[in-house]
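There are 2 protein chains.
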Amino acid sequence: MVDLRVRVAGPQDWPAIWPIWHRVVASGDTYTWAPDTPEAQARALWMPPAPAVTLVAEVDEVAVGTALLKPVQPGLGDHVANAGFMVDPDRAGGGVGRGLAEATLVEARRRGYRAMQFNAVVEANTRAVGLWRSLGFEIVGTIPEAFRHPTQGLVGLHIMHRAL
Amino acid sequence: MVDLRVRVAGPQDWPAIWPIWHRVVASGDTYTWAPDTPEAQARALWMPPAPAVTLVAEVDEVAVGTALLKPVQPGLGDHVANAGFMVDPDRAGGGVGRGLAEATLVEARRRGYRAMQFNAVVEANTRAVGLWRSLGFEIVGTIPEAFRHPTQGLVGLHIMHRAL
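One line per chain: the protein sequences are A and B, in this order.
Take the first sequence: its position 164, counted from the start at 1, is 164 in the UniProt record's numbering, and no numbers get skipped.
Take the second sequence: its position 163, counted from the start at 1, is 163 in the UniProt record's numbering, and no numbers get skipped.
1. Check whether the segment 122-137 of chain A and the segment 49-63 of chain A touch, using three or more Cβ-Cβ pairs below 8 Å as the test.
2. Among the residues of its own chain, which have a CB less than 8 Å from the CB of A:Val96, if the five just before and after it don't count?
3. Can you check which of these residues, A:His79, A:Pro51, A:Arg162, is closest to A:Arg133 by C-alpha distance?
4. Counting only beta-carbon separations shorter than 8 Å, does A:His161 have a partner in chain B?
5. Output needed for B:Gly136: all residues of its chain with C-beta closer than 7 Å, excluding positions within five of it in sequence on either side, in chain order.
6. Starting from the N-terminal side, write out each stretch of the beta strand (DSSP E) that is 3 residues or longer and does not extend beyond the segment 42-109 of chain A.
7. Look up residue 171 of chain B in the DSSP assignment and give the residues it is bridged to.
8. Assuming B:Ile17 and B:Ala26 form a contact by the criterion Cβ under 8 Å, report the distance between their Cβ atoms to the nearest whole angstrom.
9. Give me the residue from A:His149, A:Met160, A:Gln41 with the minimum Cα distance to A:Gly28.
10. Alpha carbon to alpha carbon, what distance is there between A:Asp36 and A:Asn119?
11. If we ignore side chains and look at the alpha-carbon of each, how far apart do B:Phe85 and B:Leu131 end up?
12. Does A:Pro11 come out as helix, strand or coil in the three-state DSSP assignment?
13. Just to make sure I have the definition right: I need the residues of chain B whose C-beta is within less than 8 Å of the C-beta of A:Trp33. Which are they?
14. Helix, strand or coil, according to DSSP, for B:Pro150 in the structure here?
15. Take B:His79 and list the residues in its own chain whose beta-carbon comes closer than 7 Å to its own, dropping the five residues that flank it on each side.
Shown next as structure tokens:
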């Protein structure tokens with residue numbers, strides 16, 4: 001079990017988050033953002049103002065993952081959370097993703113969210129789909145051919161959901 | 001059949017769009033935006049920069065409806081469109097919604113989108129759900145209890161989709 005500390009990130013954490021963000025998005029196989037998204041745009045996307053909150057996961061005070069937790073809808077739908085997760089590719093498979101996800105679920109519950117919804121889980125990303133299922137998420141539906149995968153062509157995007 | 005003209009809206013059209021936008025959102029039964037959303041925020045939401053495009057539907061040069069057409073995802077998912085529609089409540093049931101939706105589907109196809117996806121169709125809004133079904137949309141899935149309806153409590157939000 002990895003000794004992971006997950007905390008709310010501030011502006012001072014961005015320099016440690018950006019290399020992770022960039023590597024994950026540049027791979028082009030898990031997020032819809034353009035693989036060459038520049039740093040300033042990435043920061044605006046990943047560290048938006050409240051009620052969104054950015055989390056950072058650390059091992060021995062080194063950033064190894066990050067999450068973004070926010071309402072999936074504004075106003076009359078803001079009791080359902082949306083979240084995104086990124087793990088340093090060098091740490092993949094080491095339990096960081098699961099630990100970060102569990103901490104984010106706790107944080108979402110603490111903030112009063114009633115459920116969590118993912119809008120765009122790449123169906124070819126079977127590791128992520130398996131992780132979400134093991135954490136209680138169900139596939140609500142799949143948008144066919146909604147993602148241009150770098151090696152698999154057009155693949156579906158799952159919408160996943162669980163109550164909190 | 002209503003004699004509807006649908007065209008791309010510019011900044012000069014906002015004063016005619018805002019009263020429709022405000023009445024629709026203030027009702028709190030079809031959109032998640034806060035019913036008291038102020039005008040400046042509404043304008044930013046409904047007239048975002050390209051690649052989004054705002055449409056206005058007119059009868060005898062009077063605005064009777066409006067649509068927002070944009071990518072549902074950025075980057076690697078931007079071949080799927082998202083759209084929102086609003087009709088002057090005084091014109092409800094007169095064919096404006098259908099005419100505007102049909103014109104928006106044509107515009108989406110013209111812009112190269114491969115499909116259209118709605119993220120948050122209030123399941124209690126049976127007229128809208130029926131209209132989308134009649135236009136070839138299918139319910140991909142439903143997020144349970146995702147919308148705080150003013151009279152019906154927590155109701156689901158449908159995700160709907162059709163190819164173009």
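Every residue, glycine too, gets a C-beta built ideally from N, C-alpha and C.
Short version:
1. Flag = no, the segment 122-137 of chain A and the segment 49-63 of chain A do not touch.
2. The residue you call residue 96 of chain A lines up with position 96 of the first sequence. The beta carbon of A:Val96 sits closer than 8 Å to those of Val2, Leu4, Ala57, Val59, Val64, Gly65, Val87, Asp88, all from its chain and outside the five residues before and after it, given in chain order.
3. Translated into positions along the first sequence, residue 133 of chain A becomes position 133. The residue with the shortest Cα to Cα distance from A:Arg133 is A:Arg162.
4. Stepping through the first sequence from its first residue, residue 161 of chain A is reached at position 161. For A:His161, the answer is yes, since a Cβ of chain B falls inside 8 Å of its Cβ.
5. Residue numbering aside, residue 136 of chain B sits at position 136 when the second sequence is read from its first letter. Within the same chain, and ignoring the five residues on either side of B:Gly136 in sequence, the residues whose Cβ sits closer than 7 Å to its Cβ are Arg162.
6. Here the runs fully enclosed are 53-59, 62-71, 80-87.
7. Residue 171 of chain B falls outside the range modelled here, since chain B spans only 1 to 164, and no answer is possible.
8. The count along the second sequence starts at 1 and reaches residue 17 of chain B at position 17. The count along the second sequence starts at 1 and reaches residue 26 of chain B at position 26. Wrong, their Cβ atoms sit about 14 Å apart, outside the cutoff.
9. Against the first sequence, residue 28 of chain A aligns to sequence position 28. Nearest Cα to A:Gly28 within the set A:His149, A:Met160, A:Gln41: A:His149.
10. As a first step, residue 119 of chain A must be located in the first sequence, where it is residue number 119. As a first step, residue 36 of chain A must be located in the first sequence, where it is residue number 36. Their Cα atoms are separated by approximately 22 Å.
11. Counting from one through the second sequence, the residue named residue 85 of chain B turns up at place 85. Counting from one through the second sequence, the residue named residue 131 of chain B turns up at place 131. Cα-Cα distance, rounded: 12 Å.
12. Numbered from its first residue, the first sequence carries residue 11 of chain A at position 11. Helix, per DSSP.
13. As a working note, residue 33 of chain A is residue 33 in the first sequence. Here the neighbours are Pro74, Gly75, Leu76.
14. By 1-based counting over the second sequence, the position of residue 150 of chain B is 150. Under the three-state reduction of DSSP, B:Pro150 is assigned to coil, being neither helix nor strand.
15. Within the second sequence, residue 79 of chain B is the residue found at index 79, counting from 1. The beta carbon of B:His79 is closer than 7 Å to those of Tyr113, Arg114 in its chain, skipping five residues each way along the sequence.
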